[in-house]
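In the numbering used here, the protein residues as written are 23 to 108. Reading through the structure tokens given below for one structure.
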């Protein structure tokens, strides 16, 4: 797993045979980058946080929270936001 830095995110490419790819950060558990194919064929790059919460039956429930698009949030700002949510 890579560290999600601005250099890494800028160079990240969505393979042609995939519509979505989630890359998890090795520095902060629960922090990730999602590459998703848009209608125009280009890829959007969005930072996410995965939170694990206890479910009603005792099983863990995973919740996905969108932090924001890479164009709006530099990687370090997104990581700080993710850290505050975890």
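Glycine included, each C-beta is placed from N, C-alpha and C at the ideal position. On a predicted model such as this, the values are computed, not experimentally measured, just so you know.
Open item on the list: Check whether the segment 68-78 and the segment 45-57 are in contact - that is, three or more C-beta pairs closer than 8 angstroms.
Closed with: Flag = yes, the segment 68-78 and the segment 45-57 touch.
Open item on the list: Taking the alpha helix (DSSP H) that residue 66 belongs to, which residues open and close that run?
Closed with: Unbroken run through residue 66 is the beta strand (DSSP E), 65-76; no alpha helix (DSSP H).
Task: DSSP beta-bridge partners of residue 91 - done: Paired residues: 68.
Task: Per-residue DSSP class, three states only, for residue 104 - done: In the structure shown, residue 104 sits in a helix (DSSP, three-state: H, G or I).
Open item on the list: With H, G and I counted as helix, E and B as strand and the rest as coil, what does DSSP make of residue 25?
Closed with: DSSP places residue 25 in the coil class of the three-state scheme, outside both helix and strand.
Task: Under 8 angstroms between C-beta atoms of residue 44 and residue 97 - done: Taking C-beta atoms as the reference points, residue 44 and residue 97 fail to come closer than 8 angstroms.
Task: Residues near residue 36 by beta carbon distance below 7 angstroms, same chain, minus five either side - done: Closer than 7 angstroms at the Cβ level, and outside the excluded window around residue 36, lie 43, 57, 59 and 65.
Task: Contacting residues, own chain, Cβ-Cβ under 6 angstroms from residue 74 (five flanking each side not counted) - done: Residues of the same chain with a CB within less than 6 angstroms of the CB of residue 74, apart from the 5 flanking positions on each side, are 82 and 84 in chain order.
Open item on the list: I'd like to check one pair, residue 95 with residue 89: are the Cβ atoms closer than 8 angstroms?
Closed with: Yes. Within cutoff.
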